[in-house]
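S.K.:
Number of protein chains: 2
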Amino acid sequence: MIDLGAADADDGFAARCAADQAFLGLELAADGTASFALTGGLARHDRRLYGGTAVAAAIALAEHASGRPALWTTVQFVSGATVVGDRIDCRVDVLAAGHRTTQLRVTAHVGDQELFCALGATATPKAGSLSGVFEEPPAVLEPELCEPFRFPLPKSMRGTEMDLERLMDIRVARARDDAPRPVGQLLFWARVPDHRASPAILGFLADMVPMSVVHATGHMGGGTSLDNTLRVGQPAATEWVLLQLDPHLAQGGYGHGTGHLWSPDGALLATASQTASLIVLD
Amino acid sequence: MIDLGAADADDGFAARCAADQAFLGLELAADGTASFALTGGLARHDRRLYGGTAVAAAIALAEHASGRPALWTTVQFVSGATVVGDRIDCRVDVLAAGHRTTQLRVTAHVGDQELFCALGATATPKAGSLSGVFEEPPAVLEPELCEPFRFPLPKSMRGTEMDLERLMDIRVARARDDAPRPVGQLLFWARVPDHRASPAILGFLADMVPMSVVHATGHMGGGTSLDNTLRVGQPAATEWVLLQLDPHLAQGGYGHGTGHLWSPDGALLATASQTASLIVLD
Numbered sequence: 590m591i592d593l594g595a596a597d598a599d600d601g602f603a604a605r606c607a608a609d610q611a612f613l614g615l616e617l618a619a620d621g622t623a624s625f626a627l628t629g630g631l632a633r634h635d636r637r638l639y640g641g642t643a644v645a646a647a648i649a650l651a652e653h654a655s656g657r658p659a660l661w662t663t664v665q666f667v668s669g670a671t672v673v674g675d676r677i678d679c680r681v682d683v684l685a686a687g688h689r690t691t692q693l694r695v696t697a698h699v700g701d702q703e704l705f706c707a708l709g710a711t712a713t714p715k716a717g718s719l720s721g722v723f724e725e726p727p728a729v730l731e732p733e734l735c736e737p738f739r740f741p742l743p744k745s746m747r748g749t750e751m752d753l754e755r756l757m758d759i760r761v762a763r764a765r766d767d768a769p770r771p772v773g774q775l776l777f778w779a780r781v782p783d784h785r786a787s788p789a790i791l792g793f794l795a796d797m798v799p800m801s802v803v804h805a806t807g808h809m810g811g812g813t814s815l816d817n818t819l820r821v822g823q824p825a826a827t828e829w830v831l832l833q834l835d836p837h838l839a840q841g842g843y844g845h846g847t848g849h850l851w852s853p854d855g856a857l858l859a860t861a862s863q864t865a866s867l868i869v870l871d
Numbered sequence: 590m591i592d593l594g595a596a597d598a599d600d601g602f603a604a605r606c607a608a609d610q611a612f613l614g615l616e617l618a619a620d621g622t623a624s625f626a627l628t629g630g631l632a633r634h635d636r637r638l639y640g641g642t643a644v645a646a647a648i649a650l651a652e653h654a655s656g657r658p659a660l661w662t663t664v665q666f667v668s669g670a671t672v673v674g675d676r677i678d679c680r681v682d683v684l685a686a687g688h689r690t691t692q693l694r695v696t697a698h699v700g701d702q703e704l705f706c707a708l709g710a711t712a713t714p715k716a717g718s719l720s721g722v723f724e725e726p727p728a729v730l731e732p733e734l735c736e737p738f739r740f741p742l743p744k745s746m747r748g749t750e751m752d753l754e755r756l757m758d759i760r761v762a763r764a765r766d767d768a769p770r771p772v773g774q775l776l777f778w779a780r781v782p783d784h785r786a787s788p789a790i791l792g793f794l795a796d797m798v799p800m801s802v803v804h805a806t807g808h809m810g811g812g813t814s815l816d817n818t819l820r821v822g823q824p825a826a827t828e829w830v831l832l833q834l835d836p837h838l839a840q841g842g843y844g845h846g847t848g849h850l851w852s853p854d855g856a857l858l859a860t861a862s863q864t865a866s867l868i869v870l871d
């Protein structure tokens, strides 16, 4: 029995790990390697690997290898040269395993081509230690009252019948009041239907920051992520996640920004940050 | 001659790279590896490797290997088992070199022990592309009017004559007005004397976020960083940097937060983020 500490004890760690592995279709080998098939549900519009899928896989594999819940991960996207149907081979290296913290590296390949590399840590929370949230959740209407969001499509794909197959619901989160919001901030409700927002699922949902950077410049668009960083916060049993996307800056065709991921009742589930090569679609 | 693009053309890229290498004492070998000695000026109070030094080294090596200015890096601290006098061996792997972006990985060892691993990208800025800053710099007095900051010392080191040797000036940045600041936010002026705040130097200065997380809980302290992430923004020729440290949350003994690095005239030089194991010192 893995000791998850008081803060995570009732969270059903083993059950949520199993649910994450099933969602990704992860096949775990006895030698510590793993693989999964890139399906339409885990892909981008152009049927290449979706960045959030890489984050989710890195987290799921780090949690499996360490037996501890994820604390932080950064995924670097090395190559996008993969399409739906490819099998992605993953390897986990435990770099250091301490009393409370495990440091890991996850690398993923298709054949000889490195797709992504993730650094990260998992950690056993210490009961009774310092805690606090120093941000305020935005006041928005509940997801049931909000309209679905349709991702802006690249010009080459407009007018086609193709819809995003990705296993994700996303809605435009409407503010409860008329208070001014920070420049460029975007608010969405997002979920993977029938999946608890575990750290892996949070990583899957959070890959939206570049859209807010382009939005802040007065355009529609997004970006090709160079990395995704996720920092895991308060545990909460929720399916819907409020994505608060805050752009920092655009410079030289690249952009940086941050996301806060909130539960419907105001727990700060995680923070995210990203750098992307920006793409304007309007 | 390296083409740095219009946005960076007058920044003296080669000169600032040489200055960064000299600051770190980097010895570059012909086979692409490098090494440097851990000096007191690059260490923590306890004479172990300072996290900001690792970020600076990773950035300097990525810029040298790619001939492009740094865009983003994340450094994972695997082991702190090194002391002043050790020689740190570094290796740079170019994972992908594109038309504008190079993706790299830097690993550092003392003997057989991995100290840190960095992922990151360097990039040639695209002239005339999207740009903008979507944050406001805090209004503070200039550094000459602000008092030096003394880092809180671990209990074991109090009352000793030992002073921090690190090559860094740091001052408490005083607000110009009485407007309320966000919970836990800390503002410092920091510089490496006689060094321009290049991306490597920004990484050196930014390793302060955990202090703001502990501060937000009502204590003095800091943390052992698990990682440092730096995202590079607007270029500006400045020595002093305003560090705006914003804590996000503390949970289970760990904390996350963000830093914004501003020039004295309000350019957003970089953003930083970190996860740390928190330490209370009061």
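These protein sequence lines are chains A and B, in that order.
Oh and the first sequence: position 114 is 703 in the working numbering, straight run, nothing missing.
Oh and the second sequence: position 217 is 806 in the working numbering, straight run, nothing missing.
Beta carbons: idealized from backbone N, C-alpha and C, even for Gly.
Since the model is a prediction, treat every value here as computed from it, not as a measurement.
1) Hey, could you find the ends of the beta strand (DSSP E) Phe705 of chain A is sitting in?
2) Does any residue of chain A have a CB that is nearer than 7 Å to the CB of Gln840 of chain B?
3) Taking Cβ to Cβ, would you say Met809 of chain B is nearer than 7 Å to Leu832 of chain B?
4) Around the C-beta of Thr622 of chain B, are 16 or more other C-beta atoms found within 10 angstroms, so that it is buried, or is it exposed?
5) Does the distance from the CB of Val648 of chain B to the CB of Ala789 of chain B come in under 7 Å?
6) Taking DSSP as the reference, what is the three-state secondary structure of Ala595 of chain B?
7) Take Val644 of chain B as the anchor and find which of B:Pro769, B:Leu867, B:Ala795 has the nearest alpha-carbon.
8) Can you find the residues in the same chain that come closer than 7 Å, C-beta to C-beta, to Ala805 of chain B, ignoring five residues on each side of it along the sequence?
9) Might you give, ordered along the chain, the residues of its own chain that have their beta carbon closer than 6 Å to the beta carbon of Leu617 of chain B, omitting 5 neighbours on each side?
10) According to a CB-to-CB cut-off of less than 8 Å, which residues of the segment 685-707 of chain B neighbour chain A?
11) For chain B, check one thing: does any of its Cβ atoms lie closer than 7 Å to the Cβ of Val683 of chain A?
12) I want to see whether chain A comes within less than 7 Å of Glu750 of chain B, judged by CB atoms only; does it?
13) Could you tell me how far apart the beta carbons of Leu631 of chain B and Leu650 of chain B are, in whole angstroms, since I believe they sit closer than 8 Å?
14) Step through the CB atoms of chain A and report whether any lies within less than 7 Å of the CB of Pro853 of chain B.
15) In whole angstroms, what is the alpha-carbon distance linking Leu571 of chain B and Gln665 of chain A?
16) Using DSSP with H/G/I as helix, E/B as strand and the rest coil, what is Arg739 of chain B?
17) Can you list, in chain order, the stretches of the alpha helix (DSSP H) that have 4 or more residues and sit fully within the segment 743-830 of chain B?
18) Go to Phe625 of chain B, then tell me how far its alpha helix (DSSP H) extends in each direction, as first and last residue.
19) To which residues does DSSP link Phe666 of chain A through a beta bridge?
20) Less than 7 Å between CB atoms is the rule here; does Tyr639 of chain B satisfy it with respect to chain A?
21) If you pair each beta-carbon of the segment 698-714 of chain B with each one of the segment 729-744 of chain B, do three or more pairs fall below 8 Å?
22) What does the alpha-carbon distance come out to for the pair Leu693 of chain A and Gln840 of chain A?
23) Assign Arg605 of chain B to one of three DSSP states: helix, strand, or coil.
24) Do Val673 of chain B and Gly717 of chain B have their CB atoms nearer than 7 Å?
25) Which of the three DSSP states, helix, strand or coil, is assigned to Leu849 of chain B?
26) Quick one: which residues of the segment 803-820 of chain A get their C-beta closer than 8 Å to a C-beta of chain B? List them in chain order.
27) Would DSSP call His837 of chain B helix, strand or coil?
28) By the three-class DSSP mapping on this structure, what secondary structure does Val672 of chain A have?
29) Once you ignore the five residues that flank Phe777 of chain B on each side, which residues in its own chain have a CB closer than 8 Å to its CB?
M.R.: The structure says:
1) 702-712
2) Yes, its Cβ sits closer than 7 Å to a Cβ of chain A.
3) No, Cβ-Cβ distance for Met809 of chain B and Leu832 of chain B is not below 7 Å.
4) Exposed, because fewer than 16 other Cβ atoms sit within 10 Å of the Cβ of Thr622 of chain B.
5) A quick correction: the sequence has Ile, not Val, at residue 648 of chain B. Contact flag set, yes.
6) Annotation note: pLDDT 37 at Ala595 of chain B (below 50); position unreliable, coordinate value reported separately. Residue state for Ala595 of chain B is assigned as helix, using DSSP reduced to three classes.
7) Closest in alpha carbon position to Val644 of chain B, among B:Pro769, B:Leu867, B:Ala795, is B:Ala795.
8) Cβ neighbours of Ala805 of chain B beyond the five flanking positions: Val772, Gly773, Pro836.
9) Ala623
10) Ala685, Arg689, Thr690, Gln692, Arg694, Glu703, Cys706
11) no
12) With a pLDDT of only 49 at Glu750 of chain B, under 50, the local geometry of the prediction cannot be trusted, and the value read off the model is given with reservation. Chain A, which has no Cβ nearer than 7 Å to the Cβ of Glu750 of chain B, makes this no.
13) Leu631 of chain B to Leu650 of chain B, Cβ: 15 Å. No contact.
14) So no, Pro853 of chain B is outside the interface.
15) The structure shown does not extend to residue 571 of chain B, since chain B spans only 590 to 871, so no value can be given for it.
16) coil
17) 788-794, 798-805
18) From DSSP, Phe625 of chain B is part of no alpha helix (DSSP H) but of the beta strand (DSSP E) over 622-626.
19) A:Phe705
20) no
21) no
22) 32 Å
23) helix
24) no
25) Checking the displayed sequence, the identity of residue 849 of chain B turns out to be His instead of Leu. In the structure shown, His849 of chain B sits in a strand (DSSP, three-state: E or B).
26) Val803, Ala805, Thr806, His808, Leu815, Asp816, Thr818, Arg820: these are the residues of the segment 803-820 of chain A whose beta carbon lies less than 8 Å from some beta carbon of chain B, given in chain order.
27) His837 of chain B falls in the strand class under three-state DSSP.
28) coil
29) Same-chain partners within the cutoff: Phe738, Ile759, Arg760, Val761, Ala762, Met797, Leu831, Leu832, Leu834.
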